[in-house]
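Only one structure is covered here, and it is reproduced in the block below.
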Amino acid sequence: DTEVTQTPKHLVMGMTNKKSLKCEQHMGHRAMYWYKQKAKKPPELMFVYSYEKLSINESVPSRFSPECPNSSLLNLHLHALQPEDSALYLCASSHSSGKETQYFGPGTRLLVL
Amino acid sequence: AQSVTQLDSHVSVSEGTPVLLRCNYSSSYSPSLFWYVQHPNKGLQLLLKYTSAATLVKGINGFEAEFKKSETSFHLTKPSAHMSDAAEYFCVVSDKFGGYNKLIFGAGTRLAVHP
C-alpha cells in the first residue's frame, strides 16, 4: 500500500481564519514533506520532517506552521493567510530522507479570500 | 546543483500513436531520476524511477524511460497513447540537500491525446 491521505480535499478560508491541513500515511515512512503547487507550475518544497523533527524549512512565511505529532501524521497549521497563498498543498512521504521515492497524497485545494 | 529541463511544454498526439516526452538533466554524480504524472486536480503519481540499475526502466500503464548518461537524457515513451494518458508529466531528479533528499522538478509537459 503506497497511500498518502490528505484532508480536507478543498478548503476556503478568510484572511483572518485559522485552519489546519492534515496528512496521514501508514507505510512506516519516517520522512514527510509539504509542497505548495500553484496552477500550471511544478510543486515547490516547503518543509521536510525526518523522524518527527523539522529538518528543512524552505524560508516559508511564519503564517504556515507545520507539526508532526507522530511518525504517521503531518499537519500544516494556517493563520492569517493571503490570497496569493491559494494553491494545491501536497503532502508526500518516503522511507527515509535519502534517495528513496516520495509518494504523494491527492492534495488539498486551498482558496484564500 | 542538479537541474532538469523538459524540452516540450505541450505535446499533442492521436490516440494509438507513440508518445515521447523529453527530459534532460544535469548532475555531478549518479542521479536518481523519476517521472511523475498528475491528472487534473489530482496529486502526483509515480510512473517510474531510475536508480542506477538497468538503463531501460519500465513503469506503470505501459510507460518506460531510458537513461542515457552520454546524452544526460531520461526521455519517457509509450508505444500507444490512450485517452486516459492526458495529463501533466514531471521529470524529476533527486538531489542531496544537507543530507536530505530534495526533488528537483522540471517545468512539466502537458500531454493532450486526441481521438
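Note that the protein sequences, when read in sequence, are chains A and B. Each residue of the first sequence is one higher than the one before, counting from 2 in the working numbering. Each residue of the second sequence is one higher than the one before, counting from 135 in the working numbering. A virtual CB, placed ideally from N, CA and C, is assigned to each residue, including glycine.
Would you decide whether residue i is buried or exposed? Buried here means 16 or more other CB atoms lie within 10 Å of its CB.
i      : result
A:K10  : exposed
A:Q83  : exposed
A:A40  : exposed
B:N195 : exposed
B:N175 : exposed
A:S95  : buried
B:K212 : buried
B:S166 : buried
A:Y50  : buried
A:M47  : buried
B:Y223 : buried
A:V13  : exposed
A:P70  : exposed
A:P43  : buried
A:T8   : exposed
To the nearest angstrom, how far is the alpha carbon of residue i from that of residue j?
i      : j      : result
A:T102 : A:A32  : 11 Å
B:D227 : B:E200 : Before going on, a small fix: residue 227 of chain B reads as Val here, not Asp. Distance between the alpha carbons of B:V227 and B:E200 is about 14 Å.
A:E59  : B:A188 : 34 Å
B:H144 : B:T151 : 16 Å
B:F208 : B:D142 : 13 Å
A:T109 : B:V147 : 31 Å
B:H173 : A:G106 : 13 Å
A:M16  : A:Y36  : 21 Å
A:S56  : A:S97  : 12 Å
B:E198 : B:H248 : 21 Å
B:A246 : B:S214 : 13 Å
Quick one: list the residues of chain B neighbouring residue i, beta-carbon separation under 9 Å, in chain order.
i     : result
A:V49 : F231, Y234, N235, K236
A:S95 : N235
Going along chain A in order, which residues have a C-beta closer than 7 Å to the C-beta of residue i?
i      : result
B:G242 : P43
Let me make sure I understand the geometry here. Which of the options has the alpha-carbon closest to that of residue i?
i      : options                        : result
A:Y90  : A:Q38, A:N76, A:T17            : A:Q38
B:Y234 : A:Y52, A:C92, A:L114, A:S73    : A:Y52
B:V138 : B:F168, B:E149, B:L181         : B:F168
B:S204 : B:Q140, B:Y170, B:D219, B:S164 : B:S164
A:Q26  : A:N76, A:P62, A:V61, A:K54     : A:N76
B:Q136 : B:K236, B:R244, B:H216         : B:K236
List the residues of chain A that residue i touches, going by C-beta distances under 8 Å, in chain order.
i      : result
B:F239 : P43, P44
Using a cut-off of 7 Å between C-beta atoms, extract the partners of residue i located in chain B.
i     : result
A:L12 : Result: empty, since nearest Cβ-Cβ is about 14 Å, beyond 7 Å.
Residues of chain B with CB under 8 Å from residue i, in chain order?
i      : result
A:L112 : Neighbours of A:L112 on chain B: none; closest Cβ ~13 Å, over 8 Å.
- Query: Taking Cβ-Cβ distances below 8 Å as the criterion, which residues of the stretch 213-229 of chain B are in contact with chain A?
  - Reply: Of all residues in the stretch 213-229 of chain B, only F224, S228 come within less than 8 Å of chain A when Cβ atoms are compared, listed by chain position.
- Query: Along the stretch 56-86 of chain A, what residues have a CB closer than 7 Å to any CB found in chain B?
  - Reply: If the cut-off is 7 Å between Cβ atoms, the stretch 56-86 of chain A has S56, I57 near chain B.
- Item | Interface residues of the stretch 171-189 of chain B facing chain A [CB-CB below 9 Å] | Result list: Q172, N175, K176, G177, L178, Q179, L180, K183, T185.
- Message: Output needed in chain order: residues of the stretch 150-172 of chain B with a Cβ under 8 Å from some Cβ in chain A.
- Response: Listed by position, the residues of the stretch 150-172 of chain B near chain A (Cβ gap below 8 Å) are S166, F168, Y170.
- Message: Taking beta-carbon pairs under 8 Å, can you tell me which members of the stretch 99-110 of chain A lie near chain B?
- Response: Closer than 8 Å at the C-beta level to chain B, one finds these residues of the stretch 99-110 of chain A: G99, K100, E101, T102, Q103, Y104, F105, G106, P107, G108, R110.
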